[in-house]
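This report concerns only the one structure given below.
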Amino acid sequence: MKEKSLFFVCVFTILSVRLKGVSCSIISEKIPLGAIFEQGADDVQSAFRFAIAHHQNDSGRRFELQAYVDVINTADAFKLSRLICNQFSRGVYSMLGAVSPDSFDTLHSYSNTFQMPFVTPWFPEKVLTPSSGFLDYATSMRPEYHQAIIDTVKYYGWRRIIYLYDSNDGLLRLQQIYQALIPGNEYFQIRTVRRIGNVTEALQFLRGLEEHSRWENKYVVLDCSADMAKEIVVGHVRDISLGRRTYHYLLSGLVMDDRWEAEVVEYGAINITGFRIVDSSRKHVRDFLEGWKRLDPSQSAGAGRDSISAQAALMYDAVSVLVEAFNKILRKKPDNFKNINSRSGRGQLYNNGSKILDCNHSSGRVNPWEHGDKISRYLRKAEIEGLTGEIRFNEEGRRQNYTLHVVEMTVNSAMVKVAEWTDETGFTPVAAKYIRLKPQAIFERNKTYVVTTIVEEPYIMVRKEEPGEYLVGNERFEGYCKDLADLIAKKLSINYELRIVKDGKYGSENTEVKGGWDGMVGELVRNEADLAIAPITITSARERVIDFSKPFMSLGISIMIKKPMKQKPGVFSFLNPLSQEIWISVVFAFVGVSIVLYVVSRFSPYEWRILHHMEEPIRHPPHLHMNSGGTMANDFSLLNSLWFSLAAFMQQGGDISPRSISGRIVGACWWFFTLIIISSYTANLAAFLTVERMVAPINSPEDLASQTEVEYGTLMHGATWDFFKRSQITLYSRMWEFMNSRKHVFVKSYDEGIKRVRQSKGKYALLIESPKNDYTNEREPCDTMKVGRNFDAKGFGVATPLGSPLRDAVNLAVLSLKEDGELTKLKNKWWYDRTECLKDKQESPRNELSLSNVAGVFYILIGGLFVAMGVATLEFCYKSHLEAKRAKIPISDAIKNKARLTLGVGRDCDNGRHKKIHNSHSNQPQQHANNLNQQQAPPHHQQPAQNNCHSTAVVTRCPRHLNAHAGNLTMPRTNHQGYQHLHQPHHYTPHHQRQQNVLNVGMATT
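What follows is the structure, given as structure tokens:
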């Protein structure tokens, strides 16, 4: 322990010499910081030095901090300006400071002008508004808590308060309280406002107040420093002219974190309530306090004890936030500041081409800090666990997600927590560890309470009388809220009377009516009703004038649209399982595979074969010499390659297959590709053909806001209307501007809005609370639906007037009903058990296909048949034209001859003449061979036999049509146009003559 104390003494001794960043380990990266403190803030300076030492002793640090500390009387604006410029000239990366509110403007102005990040434990006001468009380079560690003051006053039920303050900071906080209070509808009034300069002045004011209203309860909000607050409390208790029981102090500053000595009995002799921001029960705080109380108070003022003031804790957190920001910057880019340091010389910093950050530039030009914007933005992105709780900032550099503890002083001068206040949930009382002497209001059980409500399905509905039935009192109504009122009345053992609100409204601010509120809220404010059990939303504005129970139903704003018609599958819906991009890719793949197959078949010698006129084809590579007049053939022409690929894709077999290894690789890859594609297509086809889908034009709030074709609106002057009107979210603000510019989109009642949705043919959407949306969708004609997520999360609550004795009892009753499941039963009873849309839910899913599902397939089949017939007709006419031209006969005769060939059997057309096939022998074989050669060659091209062989673009075939048998021989021959003709019979030809003839015939046929 002695060694540790000596270590901290050495550390603070070194840091007191302007904190040059000395550390046990040498780190090349040094970040200079400028710190300014006003005189008297000794504990804040100690916390600053302790934070610096804690960082320097961290073995895992990335950099060292080099602090330049100045302590002056910051009330002198001129000296403060020179001090700031001096700090800038030292090349500091950021400024820290704890200055008085009177001097804050000067430091803040320099910070924003030169874009120098400035972190402070507190600052009084927002200098730059969010709409200014400029980044505020000042970041405050102290959260705003004026709303906590308001909620605490409301919790205690104070109607009139006295506000005492000692600085401009307190005056600005008073201004924020005034702004939060609605003129004419305040739930408390500020009776007196007084600025006090010292303790004596405060006590004199209290004496004068005592003389005018000695027996009246006085609630004093005291906004001053901790030392002054302690002295005022002690002076008040010791002053015999001042009463004690009639006073209750609310210390609005964060002064309860200071040390309030238990031995000072005066602290427990009067009612004191205040706020604490440091929670000593947290492990992080306990670990800090262990090191804090080991410090020597003689060298570190304010340290050496087991508590820390709020200002000192905020300063410690300020250093921690700066360290986290620099760590984030260096983690993202480790050499971010090395370029600056490498250009630095003897502590001078280069900035935007200038040697230093000079606030007295000769040209008058302001040269801002080049990294100021980046550092400020990283500061606001920092998220750490500090002494004051979770530290997070909004875009304005203000704290968010923080917690304050509301504490009271006991008679033993000890503090106990009575509530927690957060910026998200507000004031939440907690069970006190002691019995607070506070009178408890007891409600009367033999009284009939008036319950105001509003007619709205399914919450409250007017029952229809049956024949011979006469309904009176509460039996005239039915619905969810009627059943809820019965359950609450049974829990509380009270009687009630349901009354429908006179103006038919829920309740919004209205200066034209008494109390400033209309609807059910107005009746509670004017004490015309004792309870409001209705679908009334809990909002902060309503909470200021009435009390709410815990929510009995959770909800949010949702979108109601007309249910779109189910879309049947289109004619070509069989294409839907695969996207358009996939189909296009398949087509390109089909063409590409065909071309590749064609190319590899041409290059591979194993796809070629030799054909001999009298023998079977010899299948071997074509490098062998052909000494018998044979020709080379390749089955894979371009058309055949396309046909092979198409057959494989359609899962059919082709009449040809590749023989070479390369061709088989292409074929195998294509087969694998088609296997996966066809399998995927088949798997998805059933779902796309059997399911009828509803395509909604709107699916989210973003869709609604990004278009103008579908109009949308909400209930006028309701909670939803207020939500969009007051929202600061860009999306919702844009929606409000759209609605506000079209007044006709607002409706006076939900029934009117629902009717409009049903009649608008999908061109109007209603923004409605989700329970009402769900209920309407279960009612006939079942033509509405809810789309998208809820806009917000809120709840319906039972409302009572402020300070009503029923509040706590009703709250407990609602919680008990929720725990017992009664509220869930009510929801199911009135929403889903009474649904009128059973037809849609009980409709069995369709598994069979209708003609409309597969009509496209029939269309393709019929179209293909017609195309085939058309192509055949074109081929017929084209060949007839060529035949007529060759035979020099009229086209009509050629068509007739072709028609006879098409319709007849055993007939042929040769050169325009119809001939019978004779079986008689010819006596002129040589003449027949000559005629055969003449017929083989085209009329215009008499060449040797090898030139008469008909060829396609790829394959040249000479099939064996001849046979050397004796006797008559009838041989079909293919002419130049591709048609076969029957030749006249001929006799056996001698070998030396037949060879040439056979060769000619063989090479002329394909």
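Going by the working numbering, the sequence shown opens with residue 14, and the numbers climb by one from there. Where a beta carbon is used, it is the ideal one built from N, C-alpha and C, also for glycine.
Just to confirm, are residue i and residue j a CB contact at a threshold of 8 Å?
i: residue 497; j: residue 549; result: no
i: residue 801; j: residue 572; result: yes
i: residue 399; j: residue 333; result: yes
i: residue 828; j: residue 694; result: no
i: residue 162; j: residue 232; result: no
i: residue 82; j: residue 325; result: no
i: residue 302; j: residue 293; result: yes
i: residue 119; j: residue 94; result: yes
i: residue 243; j: residue 200; result: no
i: residue 621; j: residue 589; result: no
i: residue 679; j: residue 599; result: no
i: residue 574; j: residue 709; result: yes
i: residue 44; j: residue 76; result: yes
i: residue 510; j: residue 463; result: yes
i: residue 183; j: residue 227; result: no
i: residue 316; j: residue 59; result: yes
i: residue 505; j: residue 813; result: no
i: residue 754; j: residue 746; result: no
i: residue 743; j: residue 771; result: no
i: residue 10; j: residue 110; result: Coverage of the chain is limited to positions 14 through 1019, which leaves residue 10 absent and any answer about it impossible.
i: residue 250; j: residue 275; result: no
i: residue 410; j: residue 149; result: yes
Return yes when the C-beta of residue i is under 7 Å from any heavy atom of the ligand FAD, and no when it is not.
i: residue 647; result: No copy of the ligand FAD occurs in the structure displayed, which carries no ligand at all.
Could you work out which residue in the options is closest to residue i when comparing CA atoms only?
i: residue 126; options: 371, 237, 223, 172; result: 371
i: residue 420; options: 284, 461, 80; result: 284
i: residue 234; options: 186, 109, 323; result: 186
i: residue 653; options: 665, 670, 663; result: 670
i: residue 737; options: 718, 723, 722; result: 718
i: residue 602; options: 686, 479, 279, 818; result: 686
i: residue 501; options: 826, 913, 67; result: 826
i: residue 839; options: 566, 435, 483; result: 566
i: residue 554; options: 164, 819, 909; result: 164
i: residue 725; options: 261, 750, 42; result: 750
i: residue 248; options: 278, 230, 225; result: 278
i: residue 455; options: 816, 113, 668, 769; result: 816
i: residue 423; options: 584, 577, 261; result: 261
i: residue 63; options: 159, 259, 328; result: 328
i: residue 418; options: 425, 246, 430, 823; result: 430
i: residue 512; options: 483, 473, 543, 465; result: 465
i: residue 731; options: 103, 522, 387, 42; result: 522
i: residue 406; options: 876, 846, 155, 899; result: 155
i: residue 677; options: 649, 692, 663; result: 649
Since residue i and residue j should fall inside the 8 Å C-beta cutoff, what is the C-beta to C-beta distance between them, to a whole number of angstroms?
i: residue 586; j: residue 701; result: 6 Å
i: residue 1; j: residue 807; result: Lying before the first or after the last residue shown, residue 1 is absent from the chain, which here runs from 14 to 1019.
i: residue 728; j: residue 760; result: 6 Å
i: residue 427; j: residue 322; result: Not a contact, Cβ separation roughly 18 Å.
i: residue 785; j: residue 763; result: 6 Å
i: residue 848; j: residue 791; result: 4 Å
i: residue 290; j: residue 461; result: Not a contact, Cβ separation roughly 47 Å.
i: residue 458; j: residue 152; result: With a Cβ gap of about 56 Å, residue 458 and residue 152 do not count as contacting.
i: residue 346; j: residue 391; result: Actually they are not in contact, since the Cβ atoms of residue 346 and residue 391 sit about 11 Å apart, beyond 8 Å.
Ignoring anything shorter than 4 residues, give me the alpha helix (DSSP H) runs that lie fully in the region 689-762, in order along the chain. Counting only runs of 4 or more, we get 714-718, 732-739, 743-753.
Is the region 267-275 touching the region 209-222, taking contact as three or more C-beta pairs under 8 Å? Taking a cut-off of 8 Å on C-beta distances, the region 267-275 does not touch the region 209-222, as fewer than three cross pairs fall below it.
Enumerated in chain order, which unbroken segments of the beta strand (DSSP E) with a length of 3 residues or greater are wholly contained in the region 776-814? Along the region 776-814, the beta strand (DSSP E) occurs as fully enclosed runs of 3 or more residues at 777-782, 797-800, 807-809, 812-814, listed in sequence order.
Does the region 189-199 come into contact with the region 218-225, if we say contact requires no fewer than three beta-carbon pairs (one atom in each stretch) closer than 8 Å? Between the region 189-199 and the region 218-225, the count of C-beta pairs closer than 8 Å stays below three; the two stretches do not touch.
If contact is defined by three or more beta carbon pairs under 8 Å, each pair taking one atom from either stretch, is the region 166-184 in contact with the region 194-205? Three or more beta-carbon pairs drawn from the region 194-205 and the region 166-184 are found closer than 8 Å, and the two stretches are therefore classed as touching.
Do the region 469-478 and the region 486-495 make contact, defined as three or more Cβ pairs closer than 8 Å? Touching, per the Cβ criterion.
Report yes or no: do three or more beta-carbon pairs, one from the region 513-523 and one from the region 830-837, lie closer than 8 Å? Not touching, per the Cβ criterion.
Looking at C-beta atoms only, is the number of pairs between the region 603-617 and the region 658-670 that lie closer than 8 Å three or more? Touching, yes, given that three or more Cβ pairs across the two stretches are closer than 8 Å.
Is there contact between the region 528-537 and the region 767-785, where contact requires at least three CB pairs shorter than 8 Å? With a cut-off of 8 Å, the region 767-785 and the region 528-537 do not count as touching, because too few Cβ pairs lie within range.
Threshold first: 3 residues or longer. Then list the beta strand (DSSP E) segments lying entirely within the region 533-562, N to C. Those beta strand (DSSP E) runs which fall completely within the region 533-562 and span 3+ residues are 559-561.
Length at least 4, wholly inside the region 47-81: the alpha helix (DSSP H) runs in chain order: Runs of the alpha helix (DSSP H) spanning 4 or more residues and lying entirely within the region 47-81 occur at 55-69, in chain order.
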